Every structure is written in C-alpha cells, then in structure tokens.
Amino acid sequence: MSNAQAPARQAATVVILRDGPKGLETLIMRKNSRANFLGGFWVFPGGSVEEQDQAESEQQTLKNAAARETLEEAALTINPDELVYISRWITPETAPKRFDTHFFLAPANSSEVIVDGGEIVDSDWVTPTEAISRQEEKDIEMMPPTLVTFHWLQQCASVAEAIQHFQDKEPLTFLPKANFADEQLVMLYPGDAGYESGDPDVAGARHRCLLVDGCWRYVHSS
Numbered sequence: 001m002s003n004a005q006a007p008a009r010q011a012a013t014v015v016i017l018r019d020g021p022k023g024l025e026t027l028i029m030r031k032n033s034r035a036n037f038l039g040g041f042w043v044f045p046g047g048s049v050e051e052q053d054q055a056e057s058e059q060q061t062l063k064n065a066a067a068r069e070t071l072e073e074a075a076l077t078i079n080p081d082e083l084v085y086i087s088r089w090i091t092p093e094t095a096p097k098r099f100d101t102h103f104f105l106a107p108a109n110s111s112e113v114i115v116d117g118g119e120i121v122d123s124d125w126v127t128p129t130e131a132i133s134r135q136e137e138k139d140i141e142m143m144p145p146t147l148v149t150f151h152w153l154q155q156c157a158s159v160a161e162a163i164q165h166f167q168d169k170e171p172l173t174f175l176p177k178a179n180f181a182d183e184q185l186v187m188l189y190p191g192d193a194g195y196e197s198g199d200p201d202v203a204g205a206r207h208r209c210l211l212v213d214g215c216w217r218y219v220h221s222s
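Residues 1 to 222 in the UniProt record's numbering are what the sequence shown spells out, letter by letter.
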C-alpha cells in the first residue's frame with residue numbers, strides 16, 4: 001500500500017464583508033448536502049483554481065479564481081485588485097483529499113446574493129459573533145478555517161477596520177497536525193506547544209481547534 005501524500009489542489013476563498021445593521025457582517029453560504037466535499041456545511045464563497053484563472057503571477061491567479069467563484073456561487077462581482085490576502089490553509093498531510101486554500105478579504109459591492117441552486121443552496125449575512133454562536137448551538141456546521149476566521153474578525157467593528165487590520169498583518173500559513181486528546185479530535189496549529197511534535201498533551205501555549213460534541217472550538221492562548 002502506498003504512503004504517498006495526496007497532492008494539495010490550489011484553491012481560493014473570499015471573506016466578503018459589509019457594514020450591516022448589526023455591525024460588521026460576513027457572507028456565508030450553505031453547500032448542497034449532496035456535494036462531494038463538505039456537503040451541508042456553511043462556507044465562504046470559493047473553489048479550485050481553473051485554467052481560465054491563470055495570470056502572470058500566482059497571487060493574481062488566486063485572486064482571479066476567487067472573483068470567478070464568487071460570481072458563479074453568489075452572483076456578486078468583486079474587484080480582484082481589492083482583495084486582501086489574510087491566510088493560507090493546507091489540508092493535513094494524512095487527508096485523502098487535500099486543498100491548498102488561500103483566504104482573501106473583500107468589501108461587498110452589493111448585498112443582493114443569488115445562490116446558484118446547485119452546489120450552493122442558501123446564504124446569510126452574519127456577524128462574527130453570530131456565526132460562532134450558531135456553530136456552538138449546532139444551528140450551522142463549519143470547518144475550522146471558517147471558524148478561526150470568524151474569531152479573528154470579532155476584533156473588527158467595520159469593513160474599513162477589518163481591511164486595515166489585515167493589510168497590516170503578515171498572512172498566516174496553517175498546515176494542521178491532527179491528533180487526539182482525551183478522545184477528542186484536535187487540530188494543532190503553528191504556535192501551539194505541541195505543534196512540532198504533534199503531541200497535544202505538551203504543556204505550554206495553545207493554538208488549536210478541538211472537536212467537542214460534534215462542534216469545533218477554537219483555543220488560542222500564550
């Protein structure tokens with residue numbers, strides 16, 4: 001049996017922001033339960049890089065993919081030049097299907113979302129706090145990269161503040177290491193005391209997601 005890692009396919013995701021009646025709001029979209037990947041989960045618009053997205057630089061290629069996917073899934077037009085690169089999430093090396101996904105922020109040019117009705121079946125504008133609470137209440141399902149992004153956005157009160165905040169930060173790269181602690185699935189991130197060894201029981205700083213009773217919990221402490 002081969003132990004070769006599955007290749008990580010290049011992908012791009014857009015965190016679309018607006019200043020709503022409750023403050024900073026973000027567009028999330030529910031994938032069709034029949035989808036081959038993350039069926040039923042709530043995600044940000046995005047998808048794999050395709051041939052038509054190719055540009056002279058890798059960054060521009062990713063931005064083109066992000067803009068195209070947003071138009072296809074939500075009927076929203078975004079300017080690739082307005083995208084702010086915030087993070088890179090690489091699927092754990094042990095996973096059978098892997099993506100190398102680049103996350104961008106973008107201001108919404110419209111709030112009129114039209115889902116494609118195929119891969120995407122629903123959408124909503126939520127504040128970061130609402131999204132986190134709804135996930136904890138099992139009202140919606142999210143994967144760790146989405147949850148972590150919402151935790152980051154909690155510190156921003158407006159679109160302008162969020163854009164400025166992430167423009168001033170170095171984008172983080174995540175290659176999670178999966179393990180178990182107290183029979184709970186743990187995703188370890190850079191900065192966690194146990195990240196290098198892959199041991200979640202190492203004492204020290206915590207930077208991880210835990211799967212607790214079917215819901216992910218984000219823990220980040222020094």
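Backbone N, C-alpha and C fix where the C-beta goes; we use that ideal spot for every residue, glycine too. The structure presented is a predicted model; accordingly, all values stated were derived computationally and were not measured.
query: On the DSSP letters alone, give me the boundaries of the alpha helix (DSSP H) that PHE41 sits inside.; result: Premise fails: PHE41 is in no alpha helix (DSSP H) and is neither H nor E.
query: For the segment 117-125 and the segment 77-92, state whether three or more C-beta atom pairs, one from each stretch, are separated by less than 8 Å.; result: no
query: How is ILE163 classed by DSSP in three states: helix, strand or coil?; result: helix
query: Rounded to whole angstroms, how far is the Cβ of CYS209 from the Cβ of GLN135, which I believe are closer than 8 Å?; result: Contact flag wrong, Cβ pair sits at about 11 Å.
query: According to DSSP, is ILE78 helix, strand or coil?; result: coil
query: Any idea what DSSP makes of LEU153, helix, strand or coil?; result: helix
query: Tell me the rounded alpha-carbon separation between SER110 and ALA67.; result: 14 Å
query: If you drop the 5 nearest sequence neighbours on each side, which residues of the same chain put their C-beta closer than 7 Å to that of SER33?; result: GLY39, GLY40
query: So, are the CB atoms of ALA11 and PHE104 less than 9 Å apart?; result: no
query: Write down the C-beta distance between GLU50 and ALA65 rounded to the nearest angstrom, noting that I regard them as a contact closer than 8 Å.; result: 7 Å
query: Using the Cβ count rule (16 or more neighbours within 10 Å means buried), how would you classify LYS63?; result: buried
query: Starting from residue 236, follow the alpha helix (DSSP H) in both directions and report where the run begins and ends.; result: There is no way to answer for residue 236, as the model of the chain reaches only from 1 to 222.
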